[in-house]
Amino acid sequence: MEESQEILLNSLQKSSVSIPPDLSSIRNLSPPIFFSICAQVLNQIHPQTKTPFSTSLPDSVADQFKVCSEIASAIKDLGFIGDISFHKFLYPSEEDLYKLIRFLVERLPEASDGKSKVLEDGDGRKEKANTSRCYYVENQPNKTDTDDSVSTHQKVQDKLADPNIIAEETRSPDSIIDRFSDFCLIRKSLGEAPMVDNLVNAPKDHSEVCGNESVGLQGNNRHEVGTYIQKTFEDQAIGPLEEVTTNASELKHFQVELERLEAVTRIVFDDNHSIEFHLQQLEEQINSKKLDLLEMKSQWDAERELLEIKRRSLQESLCARNPMAQEKLKKLREFESEKKLIELEIRRREEENSNITIDLKKQPKQSSRRSYINRVKEITKNSRKQDADIDRILKETRELQLESNNIQERLHRTYAVVDELVLREAKKDGIGKQAHKLLTSIHENFGEISNKILSTDRLRRETAEYEKKIAASASRSLDFNKLQADLDAIRRENSHLEQHLCHKKPVDEV
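Counting from 1, position 344 in the sequence shown corresponds to residue 344 in this note's numbering; the numbering is continuous, with no gaps.
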């Protein structure tokens, strides 16, 4: 019963019916809350009504009776079977609460299509978001490589733009190719440079090519060779740095883990203090760290605000004389404001998510769907077993009834035969008359005993039914004090109306 009530309350919450958060059972529903739930459900069942039901009881008792009678008639129109009137809402019993809540939950509008559509749209958006994310991840290395190549090319161009380098390259156009050929031979001996054969095989003797063609070829070769050398040197320099950085971060991580393990070991093997003492110390440390983080965050916010003001003033001073820069600065400001709004929204969503997660952890763990299915199967199995027992009992009852009828018929036939024989003997002598009287009295007495047994059995059944009705009426939470208070309030309202009418009648006559 308790689980079914929880299921009904959860169904109401999922249907956007406002329920107090501390409500755990239907039996704890007060008349105002029960009235509010019924009114909300009826408004959802008939959303196009011109005058929706009020979700709160009025102050006047007469108005309460009127509104509850309207809701009772609306529920009756939905097909509720049974007696229903205003007292079901103002003075409900646990059975009335359960029946009406279950009936209204069954009559709630089904929104399966809408839910499936929402789920489908959500899955589509999710799939689209995942696709875009995968696209971004796949294209990100290419973007990084492109940025690296652009920066490397820019550095090489800056170096080539140096007059000394240009002069040196002009004086010795083959020096770069010669040095690069030696470098490629060394890498070939190490098996690391199969990708630069085309550059090594380039013509070294510029006299073989004449005129502007040799100059163009030398310029292209210088550019390609310089770009490759610069990129190779940078890769060779970045590789060890990345490895050192990775090793340093791993070492730091291992040191932190070692410190944690040492602290845990000290706590475990500390016989002077209990675990609660160490937990209290850890909580104090966590609280102090939180306070430090909050203080640092406030300081950083203040510093960042000052830096933002300085940055904006510098940007305005730099872009004051350039209209295109001012337009770009305006777009940048709009983008920053939009970014701040998005960050605030993300922060709000994260806080909401954390609060919902905490509430979810606080919620009592409900049974799984499989357990409900197993219980339904068990109930069905028990119901079938009870049906089989009922059929067996009915069969035995019919057999006993047939046997009883046969015995009664045999008794009647036997009595008729004996009565006839005794009656013949009674006509002959007085002893036969006495025997006939005794036989007749015995038959009548046994008939009366049989009727008394049947009436006693009928009275026992009626007594059991009345006891059930008494127990049901005793279980009802009918507050007679509340009934008396409502009755007194109605009497006061009636007397007030009578006085108002009496004062109004002489005025109308005048």
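Virtual Cβ for every residue (Gly too), placed ideally from N, Cα, C.
Can you look up V17 in the DSSP assignment and give me helix, strand or coil?
coil
Under 8 Å by Cβ, that's how I've got H436 and Y415 pegged, so tell me the actual separation to the nearest angstrom.
Going by Cβ atoms, the distance from H436 to Y415 rounds to 12 Å, so no, they are not a contact pair.
H496 to R369 span [Cα, whole Å]:
Rounded to the nearest angstrom, the gap between the Cα atoms of H496 and R369 is 58 Å.
Put D96 into one of helix, strand or coil per three-state DSSP.
helix
In the DSSP assignment, the alpha helix (DSSP H) including T51 goes from what residue to what residue?
Counting along the chain, T51 falls outside any alpha helix (DSSP H), and DSSP gives it neither H nor E.
For S36, does the count of other Cβ atoms within 10 angstroms reach 16, so buried, or fall short, so exposed?
buried
Cβ shell of E64 (< 7 Å), same chain only, five flanking positions each side left out
Just to set this straight, residue 64 is Gln in the shown sequence, not Glu. Listed in chain order, the non-local C-beta contacts of Q64 below 7 Å within the same chain comprise L57, P58 and L90, local neighbours out to five positions each way being set aside.
Does the separation of the CB atoms of S11 and V105 fall below 7 Å?
Yes, these two residues count as a Cβ contact at 7 Å.
CA-to-CA distance, K339 to E262, given in whole angstroms:
44 Å
From D270 to K290, what distance separates their C-alpha atoms?
27 Å
Member of L42, L439, S30 and I71 whose CA lies at the smallest distance from the CA of V17:
It is L42 whose Cα lies nearest to the Cα of V17.
Nearest-angstrom Cβ-Cβ length linking Q44 and L108, presumed shorter than 8 Å:
7 Å
Assigned exposure category for K88 - 16 Cβ within 10 Å defines buried
The residue is buried, with at least 16 neighbouring Cβ atoms inside 10 Å.
DSSP on P58, reduced to helix/strand/coil?
DSSP places P58 in coil when its eight states are reduced to three.
Taking the alpha helix (DSSP H) that Y415 belongs to, which residues open and close that run?
R369 to A426
Within 7 Å, strictly: CB atoms of I84 and A72
yes
Given this structure, state the Cα-to-Cα distance separating A388 from Q408, to the nearest angstrom.
30 Å
Nearest-angstrom Cα distance between L9 and S15?
10 Å
Alpha carbon to alpha carbon, how far is A325 from R260?
53 Å
Please look up how many angstroms separate the CB atoms of A39 and S54, rounded, as I've assumed it's under 8 Å.
Yes, A39 and S54 are in contact; Cβ-Cβ is about 6 Å, under 8 Å.
What distance in whole Å lies between the Cβ atoms of V422 and L439, which are believed to be in contact at a cut-off of 8 Å?
L439 to V422, Cβ: 6 Å. Contact.
Assuming I26 is part of the alpha helix (DSSP H), what are its boundary residues?
I26 -> no alpha helix (DSSP H), and no H or E assigned at all.
Give me the Cα-Cα distance between L306 and L318, rounded to the nearest whole angstrom.
18 Å
So, helix, strand or coil for I71, using DSSP?
Here I71 sits in helix by DSSP.
Alpha carbon to alpha carbon, how far is K330 from I342?
Distance between K330 and I342, taken at the CA atoms: about 18 Å.
Anticipated Cβ contact below 8 Å, A62 with E493, distance rounded
Yes, they are in contact, since the Cβ atoms of A62 and E493 sit about 6 Å apart, within 8 Å.
Element boundaries [alpha helix (DSSP H), containing N43]:
Membership of N43 in the alpha helix (DSSP H) is indicated by the continuous run P31 to I45.
According to the neighbour-count rule (16 or more other Cβ atoms, all chains shown, within 10 Å of its Cβ), is G211 buried or exposed?
Unreliable positioning characterises G211 in this predicted model, as indicated by a pLDDT of 44, which lies under 50. The coordinate reading is nonetheless provided below. Exposed: under 16 other Cβ atoms inside 10 Å.
Cα separation between E385 and I393?
The sequence given here has Lys at residue 385, not Glu. Taking the straight line from one Cα to the other gives about 12 Å.
Give the straight-line distance between the Cα atoms of E283 and E276, rounded to the nearest whole angstrom.
10 Å
What residues in its chain sit with their C-beta under 6 Å from that of Q5, if we drop five residues either side in the sequence?
S25 and I26
Locate the alpha helix (DSSP H) running through K297, then write down its first and last residues.
I275 to L318
Residue closest to Q434, alpha-carbon to alpha-carbon, out of F446, E448, T265 and D419:
D419
Is DSSP giving P109 helix, strand or coil here?
coil
So, does the CB of R348 fall closer than 7 Å to a CB anywhere in chain D?
Among the chains of the structure shown, chain D does not appear; only one protein chain is present.
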